[in-house]
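Mapped onto full-length UniProt numbering, the consecutive letters of the sequence shown carry residue numbers 1 to 344. Just so it is clear, CB atoms sit at the ideal spot from N, CA and C, and this is done for glycine as well.
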Amino acid sequence: MITRSPILLQRHDETEPLPVPPAWQAQLAGAIRDPAELCRRLGLDARWHPGAEAGHALFEVRVPEAFLVRMRPGDPTDPLLRQVLPLGEEAVPAPGFVADPLQEAAHTPARGLIHKYDGRVLLIASPACAVNCRYCFRRHFPYGDNAPSRAQWEATLDTLRDDPTIREAILSGGDPLAASDRQLAWLVNRLEAIPHLTRLRLHTRLPVVIPDRVDDALLDWLGKTRLQKVLVLHVNHANEIDDAVVAACARLKAAGVTLLNQSVLLRGVNDSRDALAALSERLFEAGVLPYYLHVLDPVAGAAHFDVSDDQARELVAGLRDMLPGFLVPRLVREIPGEGSKTPL
Ligand SMILES: *Cc1c(COP(=O)(O)O)cnc(C)c1O
Ligand code: SF4
């Protein structure tokens with residue numbers, strides 16, 4: 001298990017030249033970024049190395065220690081490892097699998113803003129993620145290296161202010177919680193000054209990948225906002241939810257946050273009725289309701305994760321037999337040009 005260094009827990013002393021970064025930032029900075037190291041740490045034999053290097057060249061490896069410790073060493077089929085280990089298959093072109101499957105580039109009226117659906121907008125609050133998921137539809141997204149500057153945010157905020165039909169701001173990314181609490185508090189403060197906004201939503205994987213992200217500084221700005229708060233986690237397998245994740249969820253709930261989860265249906269990770277049922281049960285133990293189960297977006301490099309529509313429907317029909325209705329996620333696809341996610 002991760003143990004936090006006592007040094008990192010110390011308060012900032014005015015005599016020190018630099019503030020000590022929060023524990024989660026140190027964990028993020030220390031994430032594994034070398035495919036050979038990932039293989040070595042998980043006890044994978046030399047057979048896996050060339051594929052890991054080839055995939056890494058297309059989309060870099062990033063796996064924080066706190067996520068790694070939930071994997072079974074020596075098991076290349078581990079459902080968490082499958083999500084983050086690059087494979088040689090990523091370099092094999094597959095018909096229909098393209099760089100920008102959602103055509104998001106066509107829906108960005110201002111920097112950092114994606115407005116596709118009525119009443120709600122996505123804000124790219126951070127281009128970075130805590131973990132790089134191999135199936136990610138944004139693996140080729142041209143974020144650039146930096147989030148928008150404050151001046152660019154002002155232009156984006158003007159767009160929201162001028163459109164009273166927008167009720168909800170969704171902080172997304174990348175992962176919005178990869179941004180600092182100082183930046184997020186600033187942004188949320190500006191958002192809540194827009195009278196027609198009523199809800200703040202975060203789409204984030206960080207409380208799962210690095211549970212220490214849910215610290216006092218985060219809960220401070222999140223707890224204070226007048227906006228109603230929804231946090232949509234991204235968990236694909238029950239093994240991702242360890243005790244630290246349960247504790248992080250409890251803290252978020254205590255701050256008045258509604259917790260939902262979205263998953264992606266992934267071959268070799270969660271493509272069985274039992275895996276999906278265990279995920280729903282485990283989510284609910286952590287106080288989280290399943291929201292969406294997405295079929296894979298056809299992004300280049302991810303074809304080996306694909307599950308057919310027929311199998312997807314069959315799996316969810318099976319879930320309906322096993323679980324109460326509130327633990328069955330909605331099976332959806334994102335189709336470019338549609339005004340919402342499309343149920344299958
Ligand atoms: C998925 C998505 C949303 C949120 O959709 P909901 O159905 O409200 O969860 C909003 N904007 C964009 C661009 C999206 O892709
Ligand atoms: S956390 Fe989300 S946005 Fe980031 S790589 Fe994973 S799936 Fe993509």
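Relative to the non-hydrogen atoms of ligand 1, the Cβ of Arg251 never comes closer than 6 Å to any of them. Ranked by how close their Cα comes to the Cα of Leu68, the residues Tyr292, Lys224, Val208 and Lys341 have Val208 in first place. The criterion of a C-beta distance shorter than 7 Å is not satisfied by Leu323 and Ala254. Taking Ile114 as reference, the option from Glu168, Arg267, His196 and Arg82 with the minimal CA-CA separation is Glu168. In this structure, Asp175 has its CB closer than 6 Å to one or more heavy atoms of ligand 2. With 16 or more neighbouring CB atoms inside 10 Å of its own CB, Val232 falls in the buried class. Taking 7 Å as the cut-off, the beta carbon of Trp24 is found closer than this to the beta carbon of Arg213.
In the structure shown, the three-state DSSP call for Thr342 is strand. Not a single heavy atom of ligand 2 lies less than 6 Å from the C-beta of Cys39.
Residue ranges of uninterrupted beta strand (DSSP E) with 3 or more members, entirely inside the stretch 239 to 309 and ordered along the chain, are 257 to 264 and 289 to 294. Excluding five sequence positions before and after Arg251, the CB atoms of its chain that fall closer than 7 Å to its own CB belong to Val214 and Leu219, given in chain order.
Remark: the C-beta of Arg138 is in contact range of ligand 2, defined as less than 6 Å to any heavy atom. Counting along the chain, the unbroken beta strand (DSSP E) around Gly173 starts and ends at Glu168 to Gly173. Nearest C-alpha to Phe97 among Leu327, Ala303 and Asp175: Ala303. From the listed residues Arg62, Leu81, Phe305 and Gly325, the smallest Cα separation to Asn132 is found for Arg62. Taken from the Cβ of Arg205, at least one heavy atom of ligand 2 lies inside 6 Å.
In the DSSP assignment, His234 is bridged to Gln262. Excluding sequence positions up to five before and after Asp274, its CB lies less than 8 Å from no other CB in the same chain. Here the stretch 313 to 329 makes no contact with the stretch 120 to 130; the two share fewer than three CB pairs at distances below 8 Å. If you draw a straight line from the Cα of Ala178 to the Cα of Cys129, it is about 6 Å long. Using a cutoff of 6 Å, the CB of Asn132 counts as near ligand 2, since one of the ligand's heavy atoms is closer than that. When the Cα atoms are used, Arg82 and Pro195 turn out to be separated by approximately 44 Å. Annotation for His203: the continuous beta strand (DSSP E) segment containing it runs Arg199 to His203. Thr225 is positioned such that its CB atom lies closer than 7 Å to that of Val188. In this structure, ligand 1 has a non-hydrogen atom nearer than 6 Å to the beta-carbon of Lys116. Here the distance from the Cβ of Leu344 to the nearest heavy atom of ligand 1 is not below 6 Å. Judged by the Cβ position, Leu122 qualifies as a neighbour of ligand 1 at the 6 Å threshold, a heavy atom of the ligand being closer than this. Annotated three-state conformation of Leu122 is strand, per DSSP.
The continuous alpha helix (DSSP H) containing Arg82 extends over residues Pro79 to Val84.
Taking the Cα of Phe141 as reference, the smallest distance to any Cα among Asp175, Val295, Asp100 and Arg111 is reached at Asp100.
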